[in-house]
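Visitor: Residue numbers (our numbering): 793 to 992. Glycine included, every Cβ here is placed at the ideal spot set by N, Cα and C.
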């Protein structure tokens, strides 16, 4: 049975363009995979604490030395990692805020990037342990940033996903959403065209 993990991070919830595009892709996937399993996590309505010293200390501590509070933090991260490990397909809704990903999405990556579990260090350098997954990123932007230095979303996500072993990544862009009605319509049309091509 195929498993898809969907991560949404739009502050606008179901009204966010990245969420709507990701949801449309998932509906198409469910149609073609009627027996498939969907794991859906909204990082806005189910926010994770930003990484701090207590959390880092808990993740780096040995199990026999953890306090109950530290164990709870580790259990939360273990749940997120398990969801990711189970998925053959990962769908990420990643709007651009101030030229980068939402901090809530960054917090999720901070939890799932764990040495010895999702990546390891070798004599040749770091090696990701989550290969074989297909990742689709639906990213929305108010301006036009694709291929420009101002796009802090695409290179960062490619880097962190590749670091974890996920190098089959496809980006679907909805741009120009705050540049007037015509630009918004054109940006949405382009994104929906890419979405239709994926469904086909």
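Taking contact to mean at least 3 C-beta pairs separated by less than 8 Å, is the segment 810–820 in contact with the segment 872–891?
Guide: Enough Cβ pairs lie closer than 8 Å, so yes.
Visitor: Is the segment 963–972 close to the segment 931–939, with three or more CB pairs under 8 Å?
Guide: Yes: the two stretches touch, three or more of their Cβ pairs being nearer than 8 Å.
Visitor: Would residue 988 be called buried (16 or more neighbouring beta carbons within 10 Å of its own) or exposed?
Guide: Here residue 988 refers to the residue found at position 196 of the chain shown. Flag for residue 988 reads exposed.
Visitor: Between which two residues does the alpha helix (DSSP H) carrying residue 820 extend?
Guide: Here the question's residue 820 lines up with position 28 in the chain shown. Residue 820 -> alpha helix (DSSP H) spans 809–824.
Visitor: Starting from the C-beta of residue 904, find all residues in its chain whose C-beta is less than 8 Å away, skip the five residues before and the five after it, and write them out in chain order.
Guide: As a working mapping, residue 904 is identified with position 112 in the chain shown. Only 869, 872, 873, 876, 910 and 956 meet the Cβ criterion.
Visitor: Return yes when the Cβ of residue 820 is within less than 7 Å of the Cβ of residue 991, no when it is not.
Guide: Position 199 of the chain shown, counting from 1, holds the residue named residue 991. Position 28 of the chain shown, counting from 1, holds the residue named residue 820. Taking 7 Å as the Cβ cut-off, residue 991 and residue 820 qualify as a contacting pair.
Visitor: Taking residue 951 as the reference, give the member of 979, 982, 918 and 859 with the closest Cα.
Guide: What you label residue 951 is simply residue 159 of the chain shown in a count that begins at 1. For residue 951, the nearest C-alpha among the options comes from 918.
Visitor: Taking Cβ to Cβ, would you say residue 896 is nearer than 7 Å to residue 953?
Guide: Locating residue 896 in the chain shown gives position 104, where the first residue counts as 1. Locating residue 953 in the chain shown gives position 161, where the first residue counts as 1. Contact flag unset, no.
Visitor: Within a Cβ cutoff of 6 Å, which residues of the same chain sit near residue 841, ignoring the five residues on either side of it in sequence?
Guide: What you label residue 841 is simply residue 49 of the chain shown in a count that begins at 1. Excluding sequence neighbours, residue 841 sits near nothing in its chain.
Visitor: Have a look at residue 964 and residue 850 and give me their C-alpha separation to the nearest angstrom.
Guide: As a first step, residue 964 must be located in the chain shown, where it is residue number 172. As a first step, residue 850 must be located in the chain shown, where it is residue number 58. The straight-line gap from Cα to Cα measures roughly 36 Å.
Visitor: Between residue 962 and residue 823, what straight-line distance do the alpha-carbon atoms span, to the nearest angstrom?
Guide: Along the chain shown, read from residue 1 onward, the residue named residue 962 stands at position 170. Along the chain shown, read from residue 1 onward, the residue named residue 823 stands at position 31. One C-alpha to the other measures close to 20 Å.
Visitor: Would you list the one or two residues that DSSP bridges to residue 927?
Guide: On the chain shown, position 135 is the one that residue 927 refers to. DSSP output for residue 927 lists 882 and 961 as bridge partner(s).
Visitor: In chain order, what residues of the same chain lie with their CB nearer than 8 Å to the CB of residue 978, ignoring the 5 residues before and after it?
Guide: Counting from 1 along the chain shown, the entry for residue 978 is found at position 186. The answer, listed in chain order, is 968.
Visitor: Throw me the rounded Cβ distance for the residue 878 and residue 795 pair, which I believe falls under 8 Å.
Guide: As a working note, residue 878 is residue 86 in the chain shown. As a working note, residue 795 is residue 3 in the chain shown. Between residue 795 and residue 878 the Cβ distance is about 5 Å, and since that is below 8 Å, they are a contact.
Visitor: Mind checking who residue 912 pairs with in its DSSP beta bridge?
Guide: Against the chain shown, residue 912 aligns to sequence position 120. Residue 912 pairs with 919.
Visitor: Hey, how far is the Cα of residue 847 from the Cα of residue 854?
Guide: The count along the chain shown starts at 1 and reaches residue 847 at position 55. The count along the chain shown starts at 1 and reaches residue 854 at position 62. Going from the Cα of residue 847 to the Cα of residue 854 covers about 13 Å.
Visitor: By how many angstroms is the C-alpha of residue 833 removed from the C-alpha of residue 844?
Guide: Mapped onto the chain shown, residue 844 falls at position 52. Mapped onto the chain shown, residue 833 falls at position 41. Distance between the alpha carbons of residue 844 and residue 833 is about 22 Å.
Visitor: Where does residue 864 land, buried or exposed, given buried means 16+ other C-beta within 10 angstroms?
Guide: On the chain shown, residue 864 is found 72 positions in, with the first residue counted as 1. Counting Cβ neighbours within 10 Å, residue 864 comes out exposed, since fewer than 16 surround it.
Visitor: Under 7 Å between the Cβ atoms of residue 944 and residue 901?
Guide: Stepping through the chain shown from its first residue, residue 944 is reached at position 152. Stepping through the chain shown from its first residue, residue 901 is reached at position 109. No.
Visitor: If you follow the beta strand (DSSP E) that residue 829 is in, where does it begin and where does it stop?
Guide: Here residue 829 refers to the residue found at position 37 of the chain shown. From DSSP, the beta strand (DSSP E) with residue 829 extends over 829–834.
Visitor: Any idea what DSSP makes of residue 841, helix, strand or coil?
Guide: Sequence index remark: in the chain shown, residue 841 carries index 49 (1-based). Coil, per DSSP.
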